[in-house]
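*Asks:*
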Amino acid sequence: MSEEESFSICTSCLGNDKHVRMIKQDNGAECKQCTRPFTVYRWGNRSASNKLNKTLICLTCARAKNCCQSCMLDINYGIPTELRDTALKLAGLEPMSLLKSSTNREVKAIMADKLQESFSKQDKDGSNENKARELLMKLAEKLNAKEKPREIEGPTDSKVVDSANVSKLSKKLPFGNSLESEKHPEITSFFIFGFPKDLPQYLVTKYCGEYGKVKGIVFNHDSRCGFISFEKRESAEAFARSIDDNGLNKNKKTAGLLVLEGNPMRVCWGKQKPLAKTSQENKQISLVVAKVMKQLAEKDRNAENIKTTSSPISTSKKSKVPQASSDKSSSKRVKPQQVKYKALKEDFEI
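Numbering (the numbering used here), first residue to last: 20 to 369.
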């Protein structure tokens, strides 16, 4: 089979179908490697995508690099050619890519044409070939082993496990507590959440230190929550009172709003509990924190709207009642009377 009638395509690009229909186009495109026109093949692979696959480089460059014309990976092991050649160099073996680097692409193509004639006649050392095979087989197994569990297990199993763990953690965290000291008489710690990930911790420690000695501060910036604990109950109550009376908390039944240098956060009474450990749990809890922050902001807006609308309604009822009666009386008085038409002369027939 001549070069125009043959091709170098791996099995993954061809697909699992036994019968593959291909469209052949002579001199259909320019080779991505040597810029020469070459025979382009197009075919469909239903397992990969609905689009047609096609060859990107000519057969000469594919044979010189020992790669697939479509995906440009190694034709036998399915690994990147650069990784393959560097692994062979580290092992003291010659690389499989026989194309030498050149600034002129035409020179590179001529060199590939010369190498093409010697592919079938070239005899390599058996020991080196076996070493290269063993090395590349191990490399291909390791690269493919990382991809197989993702395809077999699927992303849904890990997500279900993570969501179950996160739901347990989020239920243990006291998002629904408030700053009412009477409901939590024995606690000296607070649950803080909603702060940005880049918030410096010294801002919180400085603010808390103004009301008493701080026993400890635990921050998890990835999950955007943490705990603050005081040594004495008096200092804890003073801290809660300062947040409750800062003018930002009209709804006393939810966690108090605290703003430090333009960074909003919520604070409420809560016993210290373990936070998330893995990065996935931190991401999920940060999403829960963002959702709770939005819900609390909506509750505050609703509370403000109820207070603002309650005062004008009472006054409007008193003022609107006499107006309605006056409008009715005026509407009765100002009823338009029907005016009869009176002709100046009597009508006559023609």
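Cβ atoms here follow ideal geometry from the backbone N, Cα and C, with glycine treated the same way.
According to DSSP, which residues form a beta bridge with Gly-228?
*Replies:* Start at 1 with the first residue of the sequence shown, and residue 228 comes out as number 209. None, per the DSSP bridge assignment.
*Asks:* Under a three-way DSSP split, which group does Cys-244 fall into?
*Replies:* Walking along the sequence shown from the start, residue 244 turns up at place 225. Strand at Cys-244.
*Asks:* Please give me, in chain order, every unbroken run of the beta strand (DSSP E) with length at least 3 that falls completely inside the region 263–331.
*Replies:* Counting whole runs of 3 or more residues, the region 263–331 contains the beta strand (DSSP E) stretches 275–279 and 282–288.
*Asks:* Does the beta-carbon of Val-39 have 16 or more other beta-carbons within 10 angstroms, so that it is buried, or is it exposed?
*Replies:* Looking up residue 39 in the sequence shown gives position 20. When all chains shown are included, Val-39 counts as exposed.
*Asks:* What does Leu-92 pair with, by DSSP beta-bridge criteria?
*Replies:* Here the question's residue 92 lines up with position 73 in the sequence shown. Answer is Pro-99, bridged to Leu-92.
*Asks:* Could you pull the DSSP bridge partners for Ala-48 from this structure?
*Replies:* Counted from its first residue, the sequence shown places residue 48 at position 29. Bridge partners of Ala-48: Phe-57.
*Asks:* Suppose the cutoff is 8 Å on Cβ atoms and the five residues either side in sequence are ignored; what does the same chain contact list for Cys-227 look like?
*Replies:* Counted from its first residue, the sequence shown places residue 227 at position 208. If we look at Cys-227 and ignore the five residues flanking it on each side, its Cβ neighbours are Val-233, Ile-236, Ile-247, Phe-249 and Phe-258.
*Asks:* Where does the unbroken alpha helix (DSSP H) through Lys-84 begin, and where does it stop?
*Replies:* Counting from 1 along the sequence shown, the entry for residue 84 is found at position 65. Segment 78–84, the alpha helix (DSSP H) holding Lys-84.
*Asks:* Closest by CA to Gln-251, which one among Gly-281, Gly-245 and Ser-208?
*Replies:* Walking along the sequence shown from the start, residue 251 turns up at place 232. The sequence shown places Lys at residue 251, rather than the Gln named in the question. The residue with the shortest Cα to Cα distance from Lys-251 is Ser-208.
*Asks:* Sort out for me which residues DSSP pairs Val-233 with in a bridge.
*Replies:* Position 214 of the sequence shown holds residue 233. Per DSSP, Phe-249.
*Asks:* Should Gly-34 and Asn-64 be called a contact, given that it needs their Cβ atoms to be closer than 7 Å?
*Replies:* Taking the first residue of the sequence shown as position 1, residue 34 is located at position 15. Taking the first residue of the sequence shown as position 1, residue 64 is located at position 45. Taking 7 Å as the Cβ cut-off, Gly-34 and Asn-64 qualify as a contacting pair.
*Asks:* Please confirm if the region 201–215 is in contact with the region 281–290, defined as three or more CB-CB distances below 8 Å between the two stretches.
*Replies:* Touching, per the Cβ criterion.
*Asks:* For Leu-218, tell me which candidate among Lys-51, Asp-45, Cys-53 and Ser-242 has the shortest Cα-Cα distance.
*Replies:* Taking the first residue of the sequence shown as position 1, residue 218 is located at position 199. When only C-alpha atoms are compared, the closest one is Ser-242.
*Asks:* Measuring alpha carbon to alpha carbon, tell me which residue in Gly-275, Leu-267 and Thr-105 is nearest Pro-193.
*Replies:* Here residue 193 refers to the residue found at position 174 when the sequence shown is read from its first residue. For Pro-193, the nearest C-alpha among the options comes from Gly-275.
*Asks:* Can you list, in chain order, the residues of its chain with a C-beta nearer than 8 Å to that of Glu-256? Leave out the 5 residues immediately preceding and following it.
*Replies:* As a first step, residue 256 must be located in the sequence shown, where it is residue number 237. Result list for Glu-256: Ser-200, in chain order.
*Asks:* Any idea what DSSP makes of Phe-238, helix, strand or coil?
*Replies:* Position 219 of the sequence shown, counted from the start, is the residue given in the question as residue 238. Three-state result, Phe-238: strand.
*Asks:* Could you tell me the alpha carbon to alpha carbon distance between Lys-271 and Gly-281, rounded to whole angstroms?
*Replies:* Position 252 of the sequence shown, counted from the first residue, corresponds to residue 271. Position 262 of the sequence shown, counted from the first residue, corresponds to residue 281. When rounded, the distance between both Cα atoms is 22 Å.
*Asks:* Can you tell me whether Ile-129 is helix, strand or coil according to DSSP?
*Replies:* Looking up residue 129 in the sequence shown gives position 110. Ile-129 falls in the helix class under three-state DSSP.
*Asks:* Measure the Cβ-Cβ separation of Ala-316 and Lys-269 and say whether it is below 7 Å.
*Replies:* To locate residue 316, count along the sequence shown from 1; it is residue 297. To locate residue 269, count along the sequence shown from 1; it is residue 250. Going by C-beta atoms, Ala-316 is not nearer than 7 Å to Lys-269.
*Asks:* Relative to the ligand NAD, is the shortest distance from any of its heavy atoms to the C-beta of Val-39 smaller than 6 Å?
*Replies:* Among the ligands in the structure shown, none appear at all, so the ligand NAD cannot be discussed.
*Asks:* Could you check which residue in Leu-155, Asn-85 and Leu-92 has the C-alpha nearest to that of Ala-110?
*Replies:* Locating residue 110 in the sequence shown gives position 91, where the first residue counts as 1. It is Leu-155.
*Asks:* How far does the alpha helix (DSSP H) with Ser-197 in it reach, from first residue to last?
*Replies:* Here residue 197 refers to the residue found at position 178 when the sequence shown is read from its first residue. No alpha helix (DSSP H) holds Ser-197; DSSP gives it neither H nor E.
*Asks:* Quick one, which of Leu-158, Asn-324, Phe-26 and Cys-50 has its alpha-carbon nearest Glu-101's?
*Replies:* Within the sequence shown, the letter at position 82 stands for residue 101. The shortest C-alpha separation from Glu-101 is found at Leu-158.
*Asks:* Grouping DSSP H, G and I as helix and E and B as strand, with all else coil, what is Leu-107?
*Replies:* Locating residue 107 in the sequence shown gives position 88, where the first residue counts as 1. Three-state DSSP puts Leu-107 in a helix.
*Asks:* Where do the N-terminal and C-terminal ends of the beta strand (DSSP E) with Ser-31 fall, by residue?
*Replies:* Residue numbering aside, residue 31 sits at position 12 when the sequence shown is read from its first letter. Looking at the DSSP string, Ser-31 is not in any beta strand (DSSP E); the run it does join, the alpha helix (DSSP H), is 30–33.
*Asks:* Would you kindly work out how many angstroms separate the C-alpha atoms of Arg-260 and Leu-198, rounded to a whole number?
*Replies:* The residue you call residue 260 lines up with position 241 of the sequence shown. The residue you call residue 198 lines up with position 179 of the sequence shown. Answer to the nearest angstrom: the Cα atoms are 8 Å apart.
*Asks:* Using C-beta distances below 8 Å, list every residue in its chain close to Asp-263, excluding the 5 sequence neighbours before and after it, in chain order.
*Replies:* Here residue 263 corresponds to residue number 244 of the sequence shown, with the count starting at 1. Closer than 8 Å at Cβ, skipping near neighbours: Leu-198, Lys-271 and Gly-275.
*Asks:* Relative to the C-alpha of Cys-53, which candidate in Cys-32, Thr-74 and Cys-80 has its C-alpha closest?
*Replies:* Numbered from its first residue, the sequence shown carries residue 53 at position 34. Nearest option by C-alpha distance: Cys-80.
*Asks:* Cβ of Asn-72 within 7 Å of Cβ of Cys-32?
*Replies:* By one-based count along the sequence shown, residue 72 stands at place 53. By one-based count along the sequence shown, residue 32 stands at place 13. Taking 7 Å as the Cβ cut-off, Asn-72 and Cys-32 qualify as a contacting pair.
*Asks:* Would you give the residue range spanned by the beta strand (DSSP E) that Ile-211 belongs to?
*Replies:* Taking the sequence shown and counting its residues from 1, one reaches residue 211 at position 192. Note, Ile-211: beta strand (DSSP E), 208–212.
*Asks:* Figure out for me which residue from Glu-253, Leu-222 and Thr-273 has the closest Cα to the Cα of Pro-204.
*Replies:* Stepping through the sequence shown from its first residue, residue 204 is reached at position 185. Closest by alpha carbon: Glu-253.
*Asks:* If we call anything under 7 Å between Cβ atoms a contact, is Leu-279 one with Leu-222?
*Replies:* The residue you call residue 279 lines up with position 260 of the sequence shown. The residue you call residue 222 lines up with position 203 of the sequence shown. For Leu-279 and Leu-222, yes; Cβs fall inside 7 Å.
*Asks:* Exposed or buried, Ser-298, counting other C-beta atoms within 10 Å across all chains shown (16 or more means buried)?
*Replies:* For the purposes of this step, residue 298 is taken as residue 279 along the sequence shown, with counting starting at 1. When all chains shown are included, Ser-298 counts as exposed.
*Asks:* Can you tell me the Cα-Cα spacing of Arg-61 and Ile-42, whole angstroms?
*Replies:* In the sequence shown, the residue the question calls residue 61 occupies position 42. In the sequence shown, the residue the question calls residue 42 occupies position 23. Those two C-alpha atoms are separated by around 5 Å.
*Asks:* Can the beta-carbon of Phe-57 be found closer than 7 Å to that of Cys-29?
*Replies:* The count along the sequence shown starts at 1 and reaches residue 57 at position 38. The count along the sequence shown starts at 1 and reaches residue 29 at position 10. Their beta carbons are not under 7 Å apart, which means Phe-57 does not touch Cys-29 by this criterion.
*Asks:* Tell me the DSSP secondary structure of Leu-75 in three-state form.
*Replies:* Stepping through the sequence shown from its first residue, residue 75 is reached at position 56. Three-state result, Leu-75: coil.
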